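Each remark here refers to the structure printed beneath this line.
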Amino acid sequence: MASTVLQRQHRREKVLPSEDYVPKAMPHRLGTFAMTMTFLMVMFFINNPVATVGAGVAAFTYWIIGALAFFLPCIIATAQLGTTFPHEGSLYNWTQKALGSFWSFFVGVSFWVAGILGMVGSAGIAVTFLQGLNSTWLAEARLQGVFIVFILILSAILSLQRFRMLQMLVNMTTLLMLFVIALLGLAAFIWPLTGHHVATSFTRASDLAIQPGNYVLFSTVILAYLGANVSMTMGSEITDRKVVTRHLFRGGILVLASYLIVTLALLIVQGPHAA
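Heads up, the sequence shown is in the working numbering, so the first residue is 37 and it goes up one at a time.
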């Protein structure tokens, strides 16, 4: 019995080949800024607040409760695991250490499948954005499918480029996204000052209360906060271990602030019917 337990423990503590190979083969170029930009790119989807504003001011309550009950614990757990095991693969490596090879394989496959579905879903969001500009664009389902395939092919081509170029592209895109969020926040501030009607009342504290009719939004918020570990998939390429905690907590604050700002802008300008 004792020998079986020791054998299982030995298998779990076995060093994966990637733990030695990746640090030797890949440059350690990912600092706090680059990892924070990657974290934001993974975590923030600007369309997520649209699904929550139907609850009115209570949307803020859901974002904050979700951050405290789910997002913050995920960040803390990822920071602990990432600092202890800063290796390539994040969840795969950590699961192998804790539960062994079978469950690490299961988690790795599940993570991979979720990534494929996420790519298709993100390409579908691009279709929604284009139709928001002009409802006649990509009106037919087959055209939408062709456009989604085009996005996936473009993503595959980009993934074959040099890492430095890709990181620069991620940094620039994320900074542009933050600029758009800042513009939305500025618009929310200027809107009532220029004489426009505020579409949502913020005067009653009771509006912050959650109600049975909008409990389902909690699942939407939790889904929006999924993925805190994804940036640590490149854990062997960071410059030092301090990057792990720095980028997670700074990125987490930016993600929460961004969701609150976009939600506020939608409620002020368009109101709950924007959902």
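Backbone N, C-alpha and C define an ideal beta-carbon position, used for all residues, glycine too.
All values reported here derive from a predicted model rather than from experimental measurement.
Backbone CA spacing between residue i and residue j [nearest angstrom]
i, j, result
"V78", "W148", "15 Å"
"A310", "L202", "34 Å"
"S137", "S237", "54 Å"
"H46", "G90", "Note that H46 scores a pLDDT of 47, beneath 50, so its modelled location is shaky and nothing firm can be said."
"W130", "L153", "23 Å"
"I100", "A245", "12 Å"
"G125", "A95", "34 Å"
"K278", "S171", "47 Å"
"Y295", "A260", "9 Å"
"W139", "Y128", "9 Å"
"M204", "R65", "12 Å"
"G307", "A235", "5 Å"
"Y251", "A87", "13 Å"
"D56", "M62", "11 Å"
"G67", "Q247", "43 Å"
Alpha helix (DSSP H) segment containing residue i, residue limits
i, result
"T114", "L108 to T120"
"I297", "K278 to V305"
"F182", "Phe is not the amino acid found at residue 182; the sequence shown has Val there. Note, V182: alpha helix (DSSP H), A177 to S195."
"R200", "F199 to L229"
"V257", "L253 to A260"
"G157", "S137 to L169"
"F69", "T68 to M79"
"W99", "A94 to G102"
Proximity to residue i [Cα-Cα], best of the options
i, options, result
"F69", "F285, A310 and E124", "F285"
"A264", "T230, A105 and A115", "A115"
"V163", "L188, L205 and F75", "L188"
"H232", "V86, V305 and G144", "V305"
"V51", "Y98, G102, A134 and T72", "A134"
"Q180", "S191, V156 and D276", "V156"
Cβ-based burial, residue i [other Cβ within 10 Å; buried from 16]
i, result
"G288", "buried"
"V298", "buried"
"A224", "buried"
"I184", "buried"
"G118", "buried"
"L303", "buried"
"V143", "buried"
"N83", "exposed"
Cβ separation of residue i and residue j, assumed to be a contact under 8 Å, to the nearest whole Å
i, j, result
"S267", "P59", "In fact, because the Cβ distance is near 17 Å, the residues do not count as touching under 8 Å."
"P53", "I274", "Actually they do not touch by this definition, with Cβ atoms about 19 Å apart."
"M213", "F80", "7 Å"
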